[in-house]
Structures are given as structure tokens and as C-alpha cells.
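S.K.:
Number of protein chains: 2
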Amino acid sequence: MEESNAPTSKKGAKKAEAKAKKEALKAQRAAELAAAAANVTLEDDPAQDNYGNKQTTASLFSKDAEEVEIRSLDESHNGKTVVVRAWLQNSRVQSAKMGFVELRKGGNWNIQGVVMASEEEPLVSRRMVKWITGISPESYVAVEAKVKQPLEPVHSCRVSGLELHITKCYVLAPAPAMLGMTMAAASQPIVNFSDEKAQEGDADAGKAAKPAAETTTPSASMLTHLDNIAMHKRAPVQQAIADIRIQVKRIFRSYLEDLRFKEFEPPCLIGAASEGGGNVFRLPYFGDEAFLAQSPQFYKQFEIAGGRERVFSIGPVFRAENSNTPRHMTEFTGLDLEMEIKDSYTEVLSVLEGVLLSIFRGIQERCADEIETVRAVYHSEPLLLPEPGKEVRLTFAEAQKLLREEGPAEFANVRDDEDMSTPQEKALGEVVRAKYKTDFYVIDKFPETARPFYAKIDDAGTTVGEGVRVTNAFDFFIRGQEVLSGGQRIHNPVELEERIRAKGVDPESAGIKEYLTTFRQVGVPAHGGGGIGLDRVVAWFLALPSVHLAAYYPRTPKRLSP
Amino acid sequence: MEESNAPTSKKGAKKAEAKAKKEALKAQRAAELAAAAANVTLEDDPAQDNYGNKQTTASLFSKDAEEVEIRSLDESHNGKTVVVRAWLQNSRVQSAKMGFVELRKGGNWNIQGVVMASEEEPLVSRRMVKWITGISPESYVAVEAKVKQPLEPVHSCRVSGLELHITKCYVLAPAPAMLGMTMAAASQPIVNFSDEKAQEGDADAGKAAKPAAETTTPSASMLTHLDNIAMHKRAPVQQAIADIRIQVKRIFRSYLEDLRFKEFEPPCLIGAASEGGGNVFRLPYFGDEAFLAQSPQFYKQFEIAGGRERVFSIGPVFRAENSNTPRHMTEFTGLDLEMEIKDSYTEVLSVLEGVLLSIFRGIQERCADEIETVRAVYHSEPLLLPEPGKEVRLTFAEAQKLLREEGPAEFANVRDDEDMSTPQEKALGEVVRAKYKTDFYVIDKFPETARPFYAKIDDAGTTVGEGVRVTNAFDFFIRGQEVLSGGQRIHNPVELEERIRAKGVDPESAGIKEYLTTFRQVGVPAHGGGGIGLDRVVAWFLALPSVHLAAYYPRTPKRLSP
Numbered sequence: 001m002e003e004s005n006a007p008t009s010k011k012g013a014k015k016a017e018a019k020a021k022k023e024a025l026k027a028q029r030a031a032e033l034a035a036a037a038a039n040v041t042l043e044d045d046p047a048q049d050n051y052g053n054k055q056t057t058a059s060l061f062s063k064d065a066e067e068v069e070i071r072s073l074d075e076s077h078n079g080k081t082v083v084v085r086a087w088l089q090n091s092r093v094q095s096a097k098m099g100f101v102e103l104r105k106g107g108n109w110n111i112q113g114v115v116m117a118s119e120e121e122p123l124v125s126r127r128m129v130k131w132i133t134g135i136s137p138e139s140y141v142a143v144e145a146k147v148k149q150p151l152e153p154v155h156s157c158r159v160s161g162l163e164l165h166i167t168k169c170y171v172l173a174p175a176p177a178m179l180g181m182t183m184a185a186a187s188q189p190i191v192n193f194s195d196e197k198a199q200e201g202d203a204d205a206g207k208a209a210k211p212a213a214e215t216t217t218p219s220a221s222m223l224t225h226l227d228n229i230a231m232h233k234r235a236p237v238q239q240a241i242a243d244i245r246i247q248v249k250r251i252f253r254s255y256l257e258d259l260r261f262k263e264f265e266p267p268c269l270i271g272a273a274s275e276g277g278g279n280v281f282r283l284p285y286f287g288d289e290a291f292l293a294q295s296p297q298f299y300k301q302f303e304i305a306g307g308r309e310r311v312f313s314i315g316p317v318f319r320a321e322n323s324n325t326p327r328h329m330t331e332f333t334g335l336d337l338e339m340e341i342k343d344s345y346t347e348v349l350s351v352l353e354g355v356l357l358s359i360f361r362g363i364q365e366r367c368a369d370e371i372e373t374v375r376a377v378y379h380s381e382p383l384l385l386p387e388p389g390k391e392v393r394l395t396f397a398e399a400q401k402l403l404r405e406e407g408p409a410e411f412a413n414v415r416d417d418e419d420m421s422t423p424q425e426k427a428l429g430e431v432v433r434a435k436y437k438t439d440f441y442v443i444d445k446f447p448e449t450a451r452p453f454y455a456k457i458d459d460a461g462t463t464v465g466e467g468v469r470v471t472n473a474f475d476f477f478i479r480g481q482e483v484l485s486g487g488q489r490i491h492n493p494v495e496l497e498e499r500i501r502a503k504g505v506d507p508e509s510a511g512i513k514e515y516l517t518t519f520r521q522v523g524v525p526a527h528g529g530g531g532i533g534l535d536r537v538v539a540w541f542l543a544l545p546s547v548h549l550a551a552y553y554p555r556t557p558k559r560l561s562p
Numbered sequence: 001m002e003e004s005n006a007p008t009s010k011k012g013a014k015k016a017e018a019k020a021k022k023e024a025l026k027a028q029r030a031a032e033l034a035a036a037a038a039n040v041t042l043e044d045d046p047a048q049d050n051y052g053n054k055q056t057t058a059s060l061f062s063k064d065a066e067e068v069e070i071r072s073l074d075e076s077h078n079g080k081t082v083v084v085r086a087w088l089q090n091s092r093v094q095s096a097k098m099g100f101v102e103l104r105k106g107g108n109w110n111i112q113g114v115v116m117a118s119e120e121e122p123l124v125s126r127r128m129v130k131w132i133t134g135i136s137p138e139s140y141v142a143v144e145a146k147v148k149q150p151l152e153p154v155h156s157c158r159v160s161g162l163e164l165h166i167t168k169c170y171v172l173a174p175a176p177a178m179l180g181m182t183m184a185a186a187s188q189p190i191v192n193f194s195d196e197k198a199q200e201g202d203a204d205a206g207k208a209a210k211p212a213a214e215t216t217t218p219s220a221s222m223l224t225h226l227d228n229i230a231m232h233k234r235a236p237v238q239q240a241i242a243d244i245r246i247q248v249k250r251i252f253r254s255y256l257e258d259l260r261f262k263e264f265e266p267p268c269l270i271g272a273a274s275e276g277g278g279n280v281f282r283l284p285y286f287g288d289e290a291f292l293a294q295s296p297q298f299y300k301q302f303e304i305a306g307g308r309e310r311v312f313s314i315g316p317v318f319r320a321e322n323s324n325t326p327r328h329m330t331e332f333t334g335l336d337l338e339m340e341i342k343d344s345y346t347e348v349l350s351v352l353e354g355v356l357l358s359i360f361r362g363i364q365e366r367c368a369d370e371i372e373t374v375r376a377v378y379h380s381e382p383l384l385l386p387e388p389g390k391e392v393r394l395t396f397a398e399a400q401k402l403l404r405e406e407g408p409a410e411f412a413n414v415r416d417d418e419d420m421s422t423p424q425e426k427a428l429g430e431v432v433r434a435k436y437k438t439d440f441y442v443i444d445k446f447p448e449t450a451r452p453f454y455a456k457i458d459d460a461g462t463t464v465g466e467g468v469r470v471t472n473a474f475d476f477f478i479r480g481q482e483v484l485s486g487g488q489r490i491h492n493p494v495e496l497e498e499r500i501r502a503k504g505v506d507p508e509s510a511g512i513k514e515y516l517t518t519f520r521q522v523g524v525p526a527h528g529g530g531g532i533g534l535d536r537v538v539a540w541f542l543a544l545p546s547v548h549l550a551a552y553y554p555r556t557p558k559r560l561s562p
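Top to bottom, those sequences are chains E and F. Heads up: the first sequence begins at 1 in full-length UniProt numbering, then just goes up one per residue. Heads up: the second sequence begins at 1 in full-length UniProt numbering, then just goes up one per residue.
#1: Give the DSSP bridge partners of W131 (chain E), in chain order.
#2: What's the call for P296 (chain F), buried or exposed, on a 16-neighbour Cβ count within 10 Å?
#3: Per DSSP, what are the beta-bridge partners of I478 (chain F) in this structure?
#4: Express the C-alpha separation of T333 (chain E) and P211 (chain F) in angstroms, rounding to a whole number.
#5: Strictly below 9 Å CB to CB, what residues from chain F border T57 (chain E)?
#6: Whole angstroms is fine: what's the gap from N192 (chain F)'s alpha carbon to P174 (chain F)'s?
#7: Classify L103 (chain F) as helix, strand or coil using the three-state DSSP reduction.
#8: List the DSSP bridge partners of K146 (chain E).
#9: Look at R469 (chain F) and E495 (chain F) and say whether their C-beta atoms are less than 9 Å apart.
#10: What does the Cβ neighbour count give for S561 (chain E), buried or exposed, with the cut at 16 atoms within 10 Å?
#11: Quick check: is the beta carbon of N110 (chain F) nearer than 9 Å to any beta carbon in chain E?
#12: Please return the same chain residues whose Cβ sits closer than 7 Å to the Cβ of T422 (chain F), not counting the five positions on each side in sequence.
#13: Against chain E, with Cβ distances strictly below 9 Å, would C268 (chain F) count as a contact?
#14: Can you confirm whether Y51 (chain F), when its beta carbon is compared against all beta carbons of chain E, has any partner nearer than 9 Å?
#15: Any beta carbon from chain F within less than 9 Å of T136 (chain E)'s own beta carbon?
#16: Are the region 130–150 of chain F and the region 86–106 of chain F touching, with three or more C-beta to C-beta distances below 8 Å?
#17: Anyone know if the C-beta pair for E321 (chain E) and N279 (chain E) falls short of 9 Å?
#18: Measure the CB-CB distance between V154 (chain E) and L73 (chain E) and report whether it falls below 9 Å.
#19: Can you name, in chain order, every residue of its own chain whose Cβ lies under 6 Å from the Cβ of A510 (chain E), other than the five neighbours on each side?
#20: Name the one or two DSSP bridge partners that E66 (chain F) has.
#21: Give the interface partners of P174 (chain F) over in chain E, defined as CB-CB distance under 7 Å, in chain order.
#22: Among residues of its own chain, excluding the 5 on either side of V432 (chain E), which ones have a beta-carbon nearer than 6 Å to its beta-carbon?
#23: Along chain F, in chain order, which residues have C-beta atoms closer than 9 Å to that of T373 (chain E)?
#24: Are there 16 or more other CB atoms within 10 angstroms of the CB of L151 (chain F), so buried, or fewer, so exposed?
#25: Note down, in chain order, every chain F residue with its Cβ under 9 Å from the Cβ of S561 (chain E).
#26: For a cutoff of 9 Å on Cβ pairs, would you count G389 (chain E) as touching chain F?
#27: Does the pairing of the region 214–230 of chain F with the region 515–525 of chain F give three or more beta-carbon distances under 8 Å?
#28: Can the beta-carbon of L179 (chain E) be found less than 9 Å from the beta-carbon of G113 (chain E)?
#29: Tell me where the beta strand (DSSP E) around V114 (chain E) begins and ends.
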């Protein structure tokens, strides 16, 4: 549903109205002048109906010309007359009688267009050749053309075995003569992810980015990309990333639906900063205060209490963390699930392992083209996956031991009862890859010190380090970076209250009280689940230099637009 | 991803720790006492292994007993031993040797369980009969039972042709003896939707609710439902509504994916209150200010500018409107789409009409059971849909004329150049239903006065009333209530700036400037789209008395929990 826009005050409206009239007149005048100029060029050309600027294509094309997508063009079209809508990417004048254009649509599908003067029908004038080859790159055009086989394959185009001999060409949406960022620049790997306009280069980002090829087109910064959002999105590399992201969501959803999981929508606006107080956004709410949800954790559990058995959600979560790194965003998309447990929390672990492996294998299979497009810009090694049945699951203590024994010297003293740091995680990723030949693995049985209050303590009473108990909780990693966190939750209200107190949280505090109450009000079956960071899964799978490249509109402490 | 919980201050943590220890001791003592009491009852019973409270069901059941869902039970199970997990809904003692329980799972699937003392294997003691029939309703149990045919069908249960002769019964999650809201109460129609605790009854809500049957169980207020969220969700009527909502989303998505629409995720956090300033939530953002998106409008258009061709999104939108009615929420789910237009905006209208009709026909077909479950509580007439090819599309002027001529006398003077009020819309719904035999219709060509600045003005220059131009914009209605708003957007930056000024908005203002810039930076093809309110579609399709019933966690100006 859309909002009507209302002027804020009558006075302001009047003033704006006067200004508007003046400006509208000015704009109209400019438009008339432009139209006149266009007419001068075309009006005495016998081919004038075959080209020009148009608002609509209704009744412009031959009736027998089939409209096709570039991606669908194949040998069966050879010799036929077709209509194609596309972005005019490049043009080149060969002579006064001949020119070439490159047409692109659907990500990285492009084809060569040829425009050649002809005095026979269909008429193509020299002026028309000049006009077409003068169209600003990135204008949206509709052409009528005869499909022909070129003398030799057009290597610069994906559809290399066919070309379009253009007989009509209309500009539906003209691009300006100067673009804020060219397609060539938009297709270069981004090295600078800083949000600061003045500052050049960002050490962290710079280190991670590996330009695929030496090139003369300079790389634009992420800032320039976001300030030219349409060009950023049109670049084949971003189209490919967006398409891969779609598949990740789709596989997550369909895999779970096949296992009888039901989707639900947790709220974003919540009444209390229930999970950790520090990183939460607060806002005024009708004389009171509201918060933005940091995760759907409590709500997934309410669904289980409400008899929904197995649930998942896909939606935004928020972190008010002032971290200006290529790994952080203030808003990102969570893929979350929660399920009843019958006998053991490993049922949850297996579902999560299954869904992630299914996602990785699925996109390797379905998105081979897109992955190749991304790798041509951001080079990376394929993600090494374990053979079926040889998935790697280490306990936290086993992982720390591995790091102590086979990792870099600086980690020779890591403890089994303290959480891992990011550098430790990355180092472990390399050790695991060398030892087990996989970039994907699970670390289970985290110590209670490293987990929130709702994590279920191991029933066997296992302890690590100085008597710290372990939990039925785990993280999943790819390339040494965490993409999933999950585990069994406490479902017994007495046990839950005890853990809340032990973590130094007041069970009577806002949010916590309502949470506890739900467990006391009804019996809640044993359950567990996990949360996947969609942006990170996409970014780390592709080994992108920043998670911001995987997001549609990345939000950082310094960036809220577009 | 989950958040670790950190205590807010060291001092507070110490104090909380001391308190926690004390409380934990108390809780432990209580647990020990409860355990002791339970042991006293069971320890000298020869059948003691066949019942009791359990944390897990591992190795409790016979190896040959198949675990089945109640919904899957059929004649093929007759005579077999099965394991069933379910909510114990009711119990009844027949004699010291026999009792009945009602087991429920998967919304409204229930079956009768019989427990009969037996001295032969499998052993069922009288104490076991007493214990089972004494289990608090809404406890979560796992039973082992022999499936048998009852002497006559059990009319109170959906699985009426079979019953479970229970030989083992374990409580996995005990409900308390007193529920805050019983299942009987939770299954009554809600009449009072007020957020005020003191105030009884709400005129608007009360008028709309139509209890399906006279009953002695009193109806609980929406407040009581939300304060007992697990019981609210467990009620078959809410399970059915949730399942219908899932199908609506699923059909929306699959219908559009078949038409090559691509999903994307617009941001919630935005840098400017770009669409209408009044009803937007504001929040502090790292020394600056952020806003919560009121719609994905601008972002859908950026996707089109970015060459994504056809996009849709499903996600939360926010309105800071202090409206305490059963029609409003501060957070709801938008189903949005945007697409390139080839020749006419009616292409958009047709896709939207197609997707909504597909949703309505789809849920009538796929969710017949769920609809029946809802109607048993909230009575309604089936939604009348037009026959294929006989869809009703009226222009705004035609609709107003119809209302003047065939509507109630109070609307005899409605104007063609002023927006409709909610009572007008409802009255029109009745006129259309009487005349065209449909509850679903489109009103097209809204006057520019009733549409936001981005609405494209009709190319033919049509005017209504006192020279007001009409737009290529429309609303869709069911039962006289708007569920969709859409139309063609302006894609020419000169025209767009003119309309922005004409609406009294400053083109240099935050948000608007960036929006306009995108259209100037690149050529943007003609496009249009629409937004559907998911909560309203579900609520009005089922003729529910409040949209709050269709939401998972309704947010109102006075309610942010649970």
C-alpha cells in the first residue's frame, strides 16, 4: 500500500506552489526546446519513422516481428525479424554507412547489433546510422532487427554466434551524455569500502580484494557505487550476486518446507531490548520506547510454545554496532529456524547441516554461470565441501586443541573455556581445510561462557578448562568465518530462570519477564534451532571482499542511502 | 545469528549473582520436592516404567512402534502399535480402571485416547490410569498405543474412525494446573480488540464480530489472547489463519516467479522520511537520525533503474499512525512488485489482478479445511469472485457515479475529483456485489489529488470534476475494503520533478533529492507496480473482525509485546 504525500504546512505549500509553477514552466520550455532540436534532425529524413525517442513502443514494430529476450536467442531465430529491448552498452562508428552497438539485458547477456545504411526497404538512412551510434551508453532501447550469423563469432558478446541487423531503433529512456560511473568502471572489483569520502583505501578491504585481471579502467570506491546505485546494480557482477542470493533464499525455504517447516514473520518492533542491551536501536513510540529486534530468537520459541512444531523465518534484523568494517552491517537478513526436538539436539544440528550443504551444493549447480561472472571480477577458489557422510563436526575443545597443536604459534595457548576470536576462527579454518579438505565444518559444544542464557547445558555435565560446563550449542563455519549459530534452548522454566540469573540478568526485567512467563504458562516441548546470516553466506561463499557487496542496500553506521 | 548476553554493569552483575544463587537454591529445592512427590506415587507401581515425566523419549518405546502424526493416521494403522506426540487437550475418568484423553496436534487434528487398566502385558495399572487422566490439559505428551476402531465414531474428534489404546504415556512438557486461558476460551471468537485493559468491548470490533454459535464459554479479549500467546497460537482457528497466511505468501511468490519476477529485499532503515512526513518512525542513528520505511516504493524503482526488469519483495513496513482500530497496525507485511512496462500500464494491472485472483482461488482450493476451521469460529460468506474474463474494472469516475446513483442517499453527492472515504468504499462494495456478483474489483484512474507525486498522469489528458487530471493508478478491493494500491510511476526525471513541485514537495529535500538523482543519472524504462497488504488480504478474505487476528504478533500504538 502506498502513502499519499501531503505538504507539511499551508504556508509552505503556497510558497512551494509558486516556486513549482516557475520551475515547471522552465522545465516545459527545456522539454520543448529538446523536442524541437530532435525534430530538426529527423523531420526531413525519409527513414524518420524508424528511429527516435519514444515514450511507448505501441504499434511501432512490424506485426510479424517476435519480441525476444537476448538470453533466448538461438539458431532457430536465424533469418527472422525480432524485437529486442535492451540497454545500449557501447557503440562504434565504422563508416558513415555503418556502425555497431552492443546490447545487454538480463545481467550479462549481450549481443552485437549492426546498423547499415540501406536505400531499400526497410529504409536505413545515414542519418539514422549516425543517430543510433550516437545514443548515450546505458540508454534503454527497443530495436527491430533481422537475426543473422556474423562472419566470425563476436567474442566480446555472450551471444557470439548471432548478431542483430537493426532496421528500427527507438530510445525509450535516454541516459545522460555523462554517466556518474561507466559500466566499465562498475564492472571493476571494488577495493575501497570506506564510508569516508576523503579517506582513500581501506586496509582491511584492500587486503581481501583480489582483482581478477590487470586493467586500465580504474576501480570505483563502494561509495561511488552506492551514489550511482542504478549503474552499480546493472553491472553483471552485481546482477549475478543478486541472482545467487535469490537462490540461497529459495533453497533454504524449499528444503525446510519439504521437512514440514512453516514460515512465520517475527516482528521488528519490540517492547524491550531483551537480548543483550548494548547493540540495540531504540526509538520513541507513542510516548513510550520501542526497540528494533536483534534476532527473532524469542519469537521462534513462542511459535514452538504455540504448537507450530517446526518454523522458519526470513527477515531483517538490526544491530546498533558502531563497526565500520567490511564484515558488519546495521541491518541484515536472517534465515532462522526452530524445531521441536524428539531425542537429541543433534536432530537440529543435522537439519541445519543439511540445509546449508543443500544451499552450497545447490548454488554450485544452479548458479554456475553467475558464479563464473562473479569470479571474473572477484577471483576465488571454489568452496571445498565435505563428501556426503564425511561432514566435519568438532567439539569446541577439539577445535581449540587442533588450533593449539597445528595452528600458528600465537594460538598455542588458546583455552577450552573461552570464546574464539575472529583471527582464531580464520586460522582454524586453514587448519581444518588442510587436515579435512573442507571449507565447511561445525564446531559443537561451546562453553557456557560463550553462549547466551537460553543455551541448554550439556546433560552429561561435561566441563572444559576450569570447570566450565559446555552447552548443546554450535557454530557453523565456511572459510574460517561463522555463518550460523544455533543449538538447543532451555524449555524448562525453572532451569531457564536459573540460567537467566546466573548470567546476571534480572528475570523481572522487561522482555525477559514476558519470555519466562510464556514457558511457565504452558508446557513447551524440547526444541532448538539456529540462525544464518544470509548476507554472510553469500559473501563468504563467493569470497567477496565485503559483505556489503552481497546486500541490496548495505546499511552501515555512516550510510543510510540510497 | 544470536547475541551473547552481557550484564549491563559489574555492580549490577554482582548483586544479581548473589540474588541468583539464592533463587537457584530455592528453585532446586522446589524441583527436588516435586521429584520426590512424583517418585512416591510411582516407585512401587509395577507399571512405573510405562508413565511419568520425562526429558527425552530416547529408548522408552517399543522398537517396532512406528512414530506417526495424528493427521497421518488411517485404516492402514488399525491393529498396529504406534507412538504419537501431541498436546493432551482434555481428559475424563470413566472408572477407576478406565479413562479417556483427547490428543491434538497439527492445528485441529485430534483423536481419542483410551487408557484401560490391564494386568497383562503391556501392563497398565489403576494408578497409571489415574495419573494419565490427571495430566494438566495442554501438557505435551508422547504415548505408545495400539490403534483400534471404536465401537462407534468419536464425533468430538477429527480422526473419528480410530482411537488410541494407550499403553505408555510420558509427559514431556507439563502444563501448569491453571492455564491463563483455556483452549475452550482460546477457541471462542474475540469480540473485544481494545488495547485498554479497563475498557470493556470496542464498538467497531464488536459490530464486526459474528460469533458462529451460542456458547457458554466466555470470549476472552484480544489482550488476554496476546498475554497468553502460546494458547492463542495453539487454538485451531489461529493455526488455520497462520496456515492460510503462509499459502497467500507462497502463491504470491510462485505466481510471480513463474512470470520471471525476481525477489529482492528493500531496507527498513532509511536516511529520510521520503514518502509523506507524518506517519514515519524516527530513531537516533550514530549521532544522526534514521527512519523506518513506510513502503519499499523508492527501492522497487531503484531495482528497475538497476536493470532488474521485474521485482517483488515481501517484508515489513512501518506506519507511526496513532490509530487504535481493528484495521490498523504500526508494523505489517507488504507484498510488493514492480515491473517494466512495454506499451501500457494495464500490463501491470493485469499481473496484479492475476496474482490476487490466483491467491484467492488458490486458498479456496488448497485451504478448504483451514477456511472451514476459521468459519466455525468467525462466520463469513465465501468471497465472491468474478468468472474468468468477467473481472470488474471501473474507473474512479464510474465508481463514484455508481455510488451516487445506486448507493445510500448520504453518498448522492460524492465527487469525481476527491478521494473516497472508508464508508464510501464499503458502500460501493455492496453496490458492486449486488450489480456484478463479485466481492473483488478494481478501481482505476484515480484523480491526481488522491495519489502521490510519483503517479503517472493519464497520457490522454482526461480530467474529472473541476479539471482535475486522472492518473494511471488504481486500487483493488475485496468486500469493499482496499487490499492493493498501484499504478504506473513517472520515469522521466523532468516530469517527475514537475510533479514533486506541484505536490508542494521540495525536490532538494532529503530522500527526494537522491530519488530524483537516480532518474537523472541513467535512463529508466517505463514501469509500474503495486503493493498488497498481506495482513489485510488474509483478514478481509476471511472477513475477520480485526486485522490483528491475521498477524503473528500484532503491533499497535499501545502494544509491543509479546
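C-beta: ideal position from N, C-alpha, C; glycine also.
M.R.: Per the coordinate set shown:
#1: If you number the first sequence from 1, residue 131 (chain E) lands on position 131. Beta-bridge pairing links W131 (chain E) to no other residue.
#2: Translated into positions along the second sequence, residue 296 (chain F) becomes position 296. P296 (chain F) counts as buried, since at least 16 other C-beta atoms from the protein chains shown sit within 10 angstroms of its C-beta.
#3: If you number the second sequence from 1, residue 478 (chain F) lands on position 478. DSSP lists F:F440 and F:Q481 as partners of I478 (chain F).
#4: Here residue 211 (chain F) refers to the residue found at position 211 of the second sequence. Here residue 333 (chain E) refers to the residue found at position 333 of the first sequence. With a pLDDT of 47 at P211 (chain F), under the threshold of 50, the modelled position of that residue is not reliable, and no figure is offered here.
#5: Taking the first residue of the first sequence as 1, we reach residue 57 (chain E) at position 57. Going along chain F in sequence order, the residues near T57 (chain E) (Cβ under 9 Å) are K342 and D343.
#6: Locating residue 192 (chain F) in the second sequence gives position 192, where the first residue counts as 1. Locating residue 174 (chain F) in the second sequence gives position 174, where the first residue counts as 1. If I take the Cα positions, the gap works out to 30 Å.
#7: Stepping through the second sequence from its first residue, residue 103 (chain F) is reached at position 103. The answer is strand: DSSP assigns L103 (chain F) an E or B state.
#8: For the purposes of this step, residue 146 (chain E) is taken as the residue at position 146 of the first sequence. Beta-bridge pairing links K146 (chain E) to E:T81 and E:H165.
#9: The residue given as residue 469 (chain F) occupies position 469 in the second sequence. The residue given as residue 495 (chain F) occupies position 495 in the second sequence. No; because the gap between Cβ atoms is not below 9 Å, this pair is not in contact.
#10: Taking the first sequence and counting its residues from 1, one reaches residue 561 (chain E) at position 561. Around the CB of S561 (chain E), 16 or more other CB atoms lie within 10 Å, so the residue is classed as buried.
#11: Here residue 110 (chain F) corresponds to residue number 110 of the second sequence, with the count starting at 1. No, N110 (chain F) lies away from the interface with chain E (no Cβ there is under 9 Å from its Cβ).
#12: Taking the second sequence and counting its residues from 1, one reaches residue 422 (chain F) at position 422. Excluding sequence neighbours, T422 (chain F) sits near nothing in its chain.
#13: On the second sequence, position 268 is the one that residue 268 (chain F) refers to. Yes, because at least one Cβ of chain E sits closer than 9 Å to the Cβ of C268 (chain F).
#14: Sequence index remark: in the second sequence, residue 51 (chain F) carries index 51 (1-based). Nearest CB-CB separation between Y51 (chain F) and chain E: not below the 9 Å threshold.
#15: Here residue 136 (chain E) refers to the residue found at position 136 when the first sequence is read from its first residue. The sequence shown places Ser at residue 136 (chain E), rather than the Thr named in the question. Taking 9 Å as the threshold, the shortest C-beta distance from S136 (chain E) to chain F falls below it.
#16: Segments in contact, yes.
#17: Within the first sequence, the letter at position 321 stands for residue 321 (chain E). Within the first sequence, the letter at position 279 stands for residue 279 (chain E). Yes, they are a contact pair.
#18: Looking up residue 154 (chain E) in the first sequence gives position 154. Looking up residue 73 (chain E) in the first sequence gives position 73. Going by C-beta atoms, V154 (chain E) is not nearer than 9 Å to L73 (chain E).
#19: For the purposes of this step, residue 510 (chain E) is taken as residue 510 along the first sequence, with counting starting at 1. Here the set comprises A272.
#20: By one-based count along the second sequence, residue 66 (chain F) stands at place 66. The partner list for E66 (chain F) (beta bridge, DSSP) reads F:V82.
#21: As a first step, residue 174 (chain F) must be located in the second sequence, where it is residue number 174. Under the 7 Å cutoff, chain E gives G523.
#22: Counted from its first residue, the first sequence places residue 432 (chain E) at position 432. Y441, listed in sequence order.
#23: As a first step, residue 373 (chain E) must be located in the first sequence, where it is residue number 373. Residues of chain F with a Cβ closer than 9 Å to the Cβ of T373 (chain E) do not exist; the shortest Cβ-Cβ separation is about 14 Å.
#24: Here residue 151 (chain F) refers to the residue found at position 151 of the second sequence. Around the beta-carbon of L151 (chain F), fewer than 16 other beta-carbon atoms lie within 10 Å, marking it exposed.
#25: Here residue 561 (chain E) refers to the residue found at position 561 when the first sequence is read from its first residue. Correct list: I270, G271, A272, A510, G511 and E514.
#26: Walking along the first sequence from the start, residue 389 (chain E) turns up at place 389. It does not: the Cβ of G389 (chain E) has no partner Cβ on chain F nearer than 9 Å.
#27: Short answer: they don't touch.
#28: In the first sequence, the residue the question calls residue 179 (chain E) occupies position 179. In the first sequence, the residue the question calls residue 113 (chain E) occupies position 113. No, these two residues do not count as a Cβ contact at 9 Å.
#29: By 1-based counting over the first sequence, the position of residue 114 (chain E) is 114. Taken as a continuous stretch (DSSP letters only), the beta strand (DSSP E) holding V114 (chain E) covers W109 to M116.
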